[in-house]
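Just so we're aligned: the sequence shown equals residues 1 to 454 in full-length UniProt numbering.
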Amino acid sequence: MTEIREGEAIRPARHAGARIVDGLGDRHVEEKQSRQSGPADFGESSIKLIETARSIISNNIDELSLSLHENINSFLHANPETAYQEFLAHDTLTSYLEEQGFKVKKQTYGLETSFEAEIGEGGRLVIFCAEYDALPGIGHACGHNLIATSSLAAFLGAARALTELKIPGRIRILGTPAEEGGGGKAKLIDAGAFNPPESIAAAIMAHPVAAHQIGSSGEFSGLAGFKLIASHKLRVEFRGKPAHAAGEPWNGVNALDAAVAAYNNVALLRQQIQPDERIHGVIEAGGTVPNVITEYTRMNWNIRSPTMKRCNDLLRRVKACFEAGAAATGCSISYIPSPTYMNLRANETLCTAYVDEMATLGENVMLQQTKGFNASTDMGNVSHLVPSFHGAFAIPVSPDISSHNPGFTAAAGTDEAHAAAIKCAKGMASLAIRVIVEESVASGARNDFGLEDE
């Protein structure tokens, strides 16, 4: 075990075998003029092409696995950074890409910790989304070090296949900070990172989950059709009037009473909501001393439901609870909204293709989840904008542990978790190539994207 002094970053030495000798980024410039300008239809030849691509991807990712483990996965795990503070992660990931020969755009789309790199010309565009933020106090308890590793490995593997086989198409990696409550992808969408959306054939990423969440039998090593629920996040402020709580309380307007009434109103509402909906909140500011009528309070709330329509309906009901508390006490009320996380939509065509690709690696991946995950992600916003794949790969933990738990932090740093991320990366890279090469996959994904939520 390496001792970490406070404020010190552990940066292991670069693995000598990490660099791709010919430099994909440099080679891309030389071959750029030979690429076709639009999506190609490879027809029957696509079968052989994809088989060859699989081999190239697997070999390339295997060659890079040790380097990725030491320089990306373990480094990020040992140096967790919270939303919009991922400066070490940004610099580490972009430096690694540059060492592989890529030209990297840093601090992109107005975010200091976002980045972007792309290879290819013409054809269809596939984007890999990489997350790397951690949770306050408990580090990578959501395993975003593994997400960064798998997305980076998938990008490098797919880029190698695209280049060696001279396939018309483009592959991009987009660094997406602040998934944990900061709505990084929502901000990236607003800043144009996914524009024009009709030009993007697919956005791809995957998330680690506790193995027991996919199935108790251990039959499945991952999940393709990951569905997460929508979430509205907001703070509500109540403002009243201070007064001496003993001498003249009748001259005060109690903002704490407004917050307590609002909380109790929501508690009553919970009896009437659906079993798959969630409302949870805390009082962040509740006054200072008991002998002064509280002038100001602030609460922080999450309102969750499986679809945006239902989440919007639930938000209206919750706001009525807040406003009733304000009305009952004579306080004014205001809201501080945070980015909404839309429900994550599972694209059946992309999920099926991923399951097939993982089967070629000897992995049994569940197509659709059998029980819900009452969590939310800003990748949901992307899935409402472009055809998207957000899978899950299992990492071993005890049955009493899942994400956002210190035990999951420890599990996310194991060799077994890295191996699972690498396997997933191979499947995602092959999925990207199939989207670029196979008309049936690309058009099927676009058609599935157009379907309404259930």
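Note that CB positions come from ideal geometry on N, CA and C, so glycine has one too.
This structure is a prediction, so every number in the text was calculated from the model and none was measured.
Chain B within 8 Å of residue i, Cβ atoms only
i, result
"Leu-174", "Looking for chain B here will not work: only one protein chain is present."
Spatial neighbours of residue i in its chain, beta-carbon cut-off 8 Å, leaving aside the 5 residues before and after
i, result
"Thr-414", "Ile-395, Pro-396"
"Ile-279", "Val-266, Leu-269, Arg-270, Ile-273, Trp-301, Asn-302, Ile-303, Arg-304, Leu-314, Val-318"
"Pro-242", "Gly-252, Val-292, Ile-293, Thr-294, Glu-295"
"Ile-189", "Asn-381, Val-382, Leu-385"
"Val-21", "Below a pLDDT of 50, predicted positions are generally treated as unreliable, and Val-21, at 34, falls in that range; the measurement from the model is reported next regardless. None."
Per DSSP, cross-strand counterpart(s) of residue i
i, result
"Cys-129", "Leu-174"
"His-207", "Ala-392"
"Glu-118", "Arg-172"
"Trp-301", "Leu-234, Gly-281"
"Pro-337", "Leu-234"
"Gly-139", "Leu-135"
"Ser-332", "Arg-239"
"Ala-445", "Beta-bridge pairing links Ala-445 to no other residue."
"Gly-101", "DSSP, once it has assigned bridges, lists no residue as partnering Gly-101."
"Phe-373", "Leu-228"
"Val-266", "In the DSSP output, where bridge partners are listed per residue, Val-266 has none listed."
"Arg-124", "Gly-169"
"His-244", "Val-292"
Beta-carbon proximity check, residue i vs residue j, cutoff 8 Å
i, j, result
"Glu-237", "Ile-303", "no"
"Gln-213", "Leu-156", "no"
"Gly-139", "Pro-177", "no"
"Ile-422", "Ser-65", "yes"
"Ala-230", "Tyr-341", "yes"
"Leu-97", "Ala-117", "yes"
"Glu-164", "Tyr-132", "no"
"Ile-127", "Leu-162", "no"
"Leu-350", "Pro-387", "yes"
"Ala-429", "Ala-134", "no"
"Ser-403", "Gly-215", "no"
"Cys-321", "Ala-262", "yes"
"Ala-202", "Ala-445", "yes"
"Leu-93", "Leu-146", "no"
"Phe-220", "Asn-364", "yes"
"Ala-148", "Ala-159", "no"
"Thr-307", "Ala-141", "no"
"Phe-115", "Lys-105", "yes"
"Thr-297", "Gly-286", "yes"
"Ala-211", "Ile-401", "no"
"Glu-277", "Met-299", "no"
6 Å CB neighbourhood of residue i in its chain, flanking five on each side removed
i, result
"His-28", "Low confidence applies here, because His-28 scores a pLDDT of 41, under 50, leaving its location unreliable; read the following figure in that light. Closer than 6 Å at Cβ, skipping near neighbours: Ile-119."
"Glu-30", "In this prediction, Glu-30 has a pLDDT of 38, which is less than 50 and means its spatial position is unreliable; what the coordinates show is noted afterwards. Excluding residues within five positions, none has a Cβ falling inside 6 Å."
"Ser-383", "Leu-344, Arg-345"
"Lys-187", "none"
"Glu-416", "Pro-396"
"His-244", "none"
"His-69", "His-418"
Residues of its chain near residue i, where Cβ-Cβ distance is below 7 Å and the 5 sequence neighbours each way are ignored
i, result
"Leu-234", "Trp-301, Tyr-335, Ile-336, Pro-337, Ser-338"
"Gly-427", "Tyr-354, Glu-357, Met-358, Leu-361"
"Arg-54", "Thr-360, Ser-430"
"Asp-26", "Because Asp-26 sits at a pLDDT of 43, beneath the cut-off of 50, its placement in the model cannot be relied upon, and the point is left open."
"Glu-438", "Ser-46"
Option in the options with minimal Cα separation from residue i
i, options, result
"Pro-168", "Asp-453, Ala-432, Ser-443, Phe-449", "Ala-432"
"Tyr-84", "Thr-108, Ala-353, Ser-74", "Thr-108"
"Pro-185", "Leu-111, Ser-55, Ala-243", "What sits at residue 185 in the sequence shown is Lys, not Pro. The residue with the shortest Cα to Cα distance from Lys-185 is Leu-111."
"His-207", "Gly-218, Gly-122, Ser-376, Thr-297", "Ser-376"
"Gly-137", "Phe-449, Gly-407, Asp-453, His-418", "Gly-407"
"Arg-170", "Glu-363, Phe-389, Gly-122", "Gly-122"
"Ser-67", "Asp-448, Ala-445, Ala-419", "Ala-419"
"Gly-330", "Ser-46, Trp-250, Ser-403", "Trp-250"
"Lys-227", "Ile-72, Val-437, Met-379, Ala-411", "Met-379"
"Gly-194", "Leu-125, Glu-439, Ile-56", "A small correction: the amino acid at residue 194 is Phe; Gly does not occupy that position in the sequence shown. Ranking the options by Cα distance to Phe-194, first place goes to Leu-125."
"Asp-91", "Asn-73, Ser-74, Thr-113, Glu-70", "Thr-113"
"Ala-246", "Pro-290, Gly-218, Met-205", "Pro-290"
"Ser-150", "Cys-424, Glu-439, Val-437", "Cys-424"
"Gly-218", "Phe-393, Asp-62, Glu-438", "Phe-393"
"His-232", "Arg-172, Gly-240, Lys-309, Asp-62", "Lys-309"
"Ser-74", "Glu-63, Leu-88, Lys-166", "Leu-88"
"Thr-352", "Ser-440, Thr-288, Glu-277", "Ser-440"
"His-390", "Gly-450, Met-205, Arg-172", "Met-205"
"Ile-56", "Gly-240, Asn-405, Gly-192, Lys-166", "Lys-166"
Residue i: CB within 7 Å of a non-hydrogen atom of the ligand ZN
i, result
"Ala-324", "Absence of the ligand ZN is noted for the structure shown, with no ligands found whatsoever."
Would you call the segment 245-264 and the segment 335-354 touching, i.e. three or more CB-CB distances under 8 Å?
These segments do not touch.
Inter-stretch contact (C-beta, 8 Å, three-pair minimum) for the segment 41-60 and the segment 428-446:
yes
Meets three-Cβ-pair contact criterion under 8 Å: the segment 367-376 and the segment 172-191
no
Can you confirm whether the segment 320-332 touches the segment 238-257 when touching is taken to mean that 3 or more C-beta pairs between the two stretches lie within less than 8 Å?
yes
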